[in-house]
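As you go down the protein sequences, you meet chains A and B in turn.
Read in order, the letters of the first sequence correspond to residues 1 to 117 in this note's numbering.
Read in order, the letters of the second sequence correspond to residues 1001 to 1113 in this note's numbering.
Where a beta carbon is used, it is the ideal one built from N, C-alpha and C, also for glycine.
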Amino acid sequence: DVKVTQSSRYLVKRTGEKVFLECVQDMDHENMFWYRQDPGLGLRLIYFSYDVKMKEKGDIPEGYSVSREKKERFSLILESASTNQTSMYLCASSFWSYEAGGRNEQFFGPGTRLTVL
Amino acid sequence: QKEVEQDPGPLSVPEGAIVSLNCTYSNSAFQYFMWYRQYSRKGPELLMYTYSSGNKEDGRFTAQVDKSSKYISLFIRDSQPSDSATYLCAMSGGNFGNEKLTFGTGTRLTIIP
């Protein structure tokens, strides 16, 4: 069964703290994504990675960085947390294969609700 | 203007009703269209996947794409309380795994028993 796990369901941090959000997938997927989800704004892509040690900026990368040292793990880092980074953070993974019908379905984790005080 | 517009709702309908959820988009390069369902405190999961224009049916769910009008719909027949969730449309220009998806804001749906 497809599984994407995120290290915490709820997290409370203080302004200025360095925050690590971890995501692990057990499907051997090449591609991994970090989104944040806010009411009225939907899912917005922060960063994605299509291979180990590779990363690409999404639509809102400012204030974030990522790390992908192993294929199954993709970390989102908030270097200095701010209150406007209070949000739901969702990790996803995907792969592509002709045999699978060529679909770019993304599989999501349960999310981490981060509150920055 | 957002690339993808979706009515946020909330939408409440009685059990058994037909539900229509819609998205409009502006980027004519979009060719792959998806509907994700997200239950409360869970991540989104893929519900329907379609390519280009036309209809696709899966049980009580029908996805419809009209590329000429840049309009996609999801119909739910014989709606059930278990259909209560937020529905997100998503789309991309290609179908490779590293393609970015552009999401709508989601419509919160409640089916009243």
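Rounded to whole angstroms, how far is the Cβ of residue i from the Cβ of residue j, which I believe are closer than 8 Å?
i	j	result
A:Tyr-89	A:Leu-114	6 Å
B:Glu-1015	A:Phe-108	About 27 Å separates the two Cβ atoms, so there is no contact after all.
A:Gln-106	B:Leu-1021	The pair is not a contact, with the Cβ atoms about 19 Å apart (cut-off 8 Å).
B:Ser-1082	B:Val-1019	With 8 Å as the limit, B:Ser-1082 and B:Val-1019 do not qualify as a contact, their Cβ atoms being about 13 Å apart.
A:Arg-68	A:Met-32	7 Å
Beta carbon of residue i, beta carbon of residue j: below 8 Å?
i	j	result
A:Trp-34	A:Tyr-50	no
B:Ala-1090	B:Met-1048	no
A:Gly-42	B:Gly-1093	no
B:Arg-1037	B:Arg-1060	no
B:Phe-1075	B:Leu-1088	no
A:Ser-75	A:Glu-22	yes
A:Val-4	A:Gln-37	no
B:Gly-1012	B:Ile-1112	For the record, residue 1012 of chain B in the displayed sequence is Ser; it is not Gly. Contact: yes.
A:Gly-16	A:Ala-92	no
B:Ser-1052	B:Lys-1070	no
A:Glu-79	A:Lys-18	yes
B:Gly-1043	A:Gly-111	yes
B:Ser-1084	B:Thr-1110	yes
A:Asn-84	A:Ser-94	no
Can you list, in chain order, the residues of its chain with a C-beta nearer than 6 Å to that of residue i? Leave out the 5 residues immediately preceding and following it.
i	result
A:Glu-56	Phe-48
B:Arg-1108	Gly-1009, Pro-1010 and Thr-1086
B:Glu-1099	Ser-1092
A:Ser-8	Thr-112
B:Glu-1005	Thr-1024
Can you name, in chain order, every residue of its own chain whose Cβ lies under 7 Å from the Cβ of residue i, other than the five neighbours on each side?
i	result
B:Thr-1050	Phe-1033, Lys-1056, Ala-1063 and Val-1065
A:Val-66	Trp-34, Tyr-47, Ser-49, Lys-55, Phe-74, Ser-75, Leu-76 and Ile-77
B:Gly-1054	Val-1065
By Cβ distance, which residues of its chain are closer than 8 Å to residue i, with the 5 residues on each side in sequence left out?
i	result
A:Arg-44	Tyr-35, Arg-36, Gln-37, Asp-38, Gly-58, Asp-59 and Ile-60
A:Thr-86	Leu-114, Thr-115 and Val-116
A:Arg-14	Ala-81, Val-116 and Leu-117
Does at least one heavy atom of the ligand NAP sit under 7 Å from the Cβ of residue i?
i	result
A:Phe-107	Among the components modelled here there is no ligand, and therefore nothing to report on the ligand NAP.
Could you run through the region 1041-1062 of chain B and flag, in chain order, every residue whose CB is less than 8 Å away from some CB of chain A?
Arg-1041, Lys-1042, Gly-1043, Pro-1044, Glu-1045, Leu-1046 and Tyr-1049
Residues of the region 77-106 of chain A with a CB closer than 7 Å to any CB of chain B: list them in chain order, please.
Leu-90, Ser-94, Phe-95, Trp-96, Gly-102, Arg-103, Asn-104, Glu-105 and Gln-106
Residues of the region 1008-1035 of chain B with Cβ closer than 9 Å to any Cβ of chain A, in chain order:
Pro-1008, Tyr-1032 and Met-1034
Going along the chain, which unbroken runs of the beta strand (DSSP E) with 3 or more residues stay wholly within the region 11-40 of chain A?
19-25 and 31-38
Return the chain-ordered ranges of every beta strand (DSSP E) run that is complete within the region 33-117 of chain A and spans a minimum of 3 residues.
42-49, 64-70, 73-78, 87-94 and 112-116
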